[in-house]
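In terms of numbering that gives the first Met the number 0, the sequence shown opens at residue 0 and continues consecutively. Don't be surprised by glycine CBs; every beta carbon is placed ideally from N, CA and C.
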Amino acid sequence: MKRFLCIVLLVAWGVPVVWSIDGLSSTLCLVYRGTIPPGALTMTGVAIDSAETNGMFVISDIDGGLMPIGSSALLWDSAQQQYVSENKLPFGWLPGTNIIYRGRGLFLKAPTGVTSDVQFGYGGLIPVNLGSTSTVFSLVTNLTMITYPYPVSIPWTNTTLSQVSASGASIYLWDDDTQSYDTYGKTRGGWGAATNLVLVPGVGLYFLNNTTNPLSWTEERPYTWP
């Protein structure tokens with residue numbers, strides 16, 4: 000069941016448009032659309048809430064009916080430190096039940112043999128103040144696949160996570176062109192090259208918590224609407 004009807008629909012290709020939402024009083028929705036290189040992987044992430052009652056997505060939502068049969072997805076199980084796979088078959092996604100919440104990253108893979116970029120797309124609700132102006136996560140020791148949990152661009156070092164993480168923490172971002180990771184590490188002097196890194200909506204990353212305890216990550220909503 001949908002929670003309520005969206006009043007405004009904003010559509011962009013590749014990366015959502017950045018807009019001013021201060022002072023608005025209507026429910027805003029956003030459609031994110033992206034592409035996957037032929038036969039290759041892209042790492043994406045969900046920065047909006049589902050319009051469904053539970054506020055969460057499954058892989059068929061992220062697909063948007065655009066990905067061809069033979070496509071797949073890899074979700075990271077932080078507790079087990081291993082991937083959980085989803086595969087698109089003629090009758091739909093199997094198993095199709097894995098939950099994708101706002102702030103979670105995932106890999107999408109285009110089928111072998113396609114000759115052009117594969118598209119995907121999904122819509123949802125811009126996170127608003129429903130009793131709290133922040134989003135809280137607990138990041139396990141070792142790796143968690145995440146994304147910045149709001150649909151805006153932000154310098155990595157402006158995120159709370161970059162600031163509360165310990166020296167020795169790392170982030171890994173996937174490069175679609177090279178099909179490999181760009182790695183950034185935190186030292187006592189800070190984040191080094193990641194100082195110039197800007198996270199854009201829809202980009203997933205791995206975060207390495209190098210401590211022996213779970214890391215509490217509270218990220219404040221970067222806008223004041225509603």
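Assumed close pair Leu198, Ser152 - CB separation to whole angstroms, cut-off 8 Å: Position 199 of the sequence shown holds residue 198. Position 153 of the sequence shown holds residue 152. Confirmed, about 7 Å.
Delimiting residues of the beta strand (DSSP E) encompassing Leu107: Taking the sequence shown and counting its residues from 1, the one referred to as residue 107 is at position 108. Where Leu107 is concerned, the enclosing beta strand (DSSP E) stretches over 104-108.
Residue nearest to Pro36 in terms of C-alpha spacing, selected from Leu207, Thr186, Glu218, Asp174: Here residue 36 is taken as the residue at index 37 of the sequence shown, counted from 1. If we check each option's Cα against that of Pro36, Asp174 comes out closest.
Gly22 - DSSP class collapsed to helix/strand/coil: In the sequence shown, counting from the first residue as 1, residue 22 sits at position 23. Residue confidence is low: Gly22 scores 35 on pLDDT, short of 50, so the model does not pin down where it sits. Its coordinate-derived value is still stated next. Three-state DSSP puts Gly22 in coil, outside helix and strand.
Sequence-distant residues of the same chain with beta carbon closer than 6 Å to Gly184, five excluded per side: Residue numbering aside, residue 184 sits at position 185 when the sequence shown is read from its first letter. Excluding residues within five positions, the ones whose Cβ falls inside 6 Å are Ser169.
Nearest-angstrom beta carbon gap, Met42 and Ser49 [assumed within contact, 8 Å]: By one-based count along the sequence shown, residue 49 stands at place 50. By one-based count along the sequence shown, residue 42 stands at place 43. So it is not a contact: roughly 20 Å between Cβ atoms.
Separation of Pro110 from Met144, as counted between CA atoms: As a working note, residue 144 is residue 145 in the sequence shown. As a working note, residue 110 is residue 111 in the sequence shown. Taking the straight line from one Cα to the other gives about 22 Å.
Leu93 burial status per 10 Å Cβ neighbour count (16 or more: buried): Residue mapping note: residue 93 aligns to position 94 of the sequence shown, counting from 1. Exposed is the label assigned to Leu93, since fewer than 16 other Cβ atoms lie within 10 Å of its Cβ.
Straight-line gap, Thr211 to Leu142 (C-alpha atoms, nearest Å): Residue mapping note: residue 211 aligns to position 212 of the sequence shown, counting from 1. Residue mapping note: residue 142 aligns to position 143 of the sequence shown, counting from 1. If you take the alpha carbons of Thr211 and Leu142, they lie about 12 Å apart.
Closest residue to Thr156 among Ile98, Gly189, Leu124 (Cα-Cα distance): Taking the first residue of the sequence shown as 1, we reach residue 156 at position 157. The residue with the shortest Cα to Cα distance from Thr156 is Gly189.
Gln162: first and last residue of the uninterrupted beta strand (DSSP E) it sits in: Stepping through the sequence shown from its first residue, residue 162 is reached at position 163. Premise fails: Gln162 lies in the alpha helix (DSSP H), 159-163, not in any beta strand (DSSP E).
Rounded C-alpha distance that separates Gln162 from Gln79: By 1-based counting over the sequence shown, the position of residue 162 is 163. By 1-based counting over the sequence shown, the position of residue 79 is 80. If you take the alpha carbons of Gln162 and Gln79, they lie about 26 Å apart.
For Ser137 and Glu218, believed in contact at Cβ under 8 Å, the rounded distance: One-based indexing of the sequence shown puts residue 218 at position 219. One-based indexing of the sequence shown puts residue 137 at position 138. Actually they are not in contact, since the Cβ atoms of Glu218 and Ser137 sit about 13 Å apart, beyond 8 Å.
Counted within 10 angstroms of its Cβ, other Cβ atoms place Tyr31 as buried (16 or more) or exposed: Residue numbering aside, residue 31 sits at position 32 when the sequence shown is read from its first letter. By the 10 Å Cβ count, Tyr31 comes out buried.
Interface flag, Tyr147 vs chain B, CB-CB below 8 Å: The question asks about chain B, but that chain is absent: this structure has only one protein chain.
Per-residue burial, Thr146 [other beta carbons within 10 Å of its own, 16 or more giving buried]: Reading the sequence shown from its first residue, position 147 is the one you call residue 146. That one is buried.
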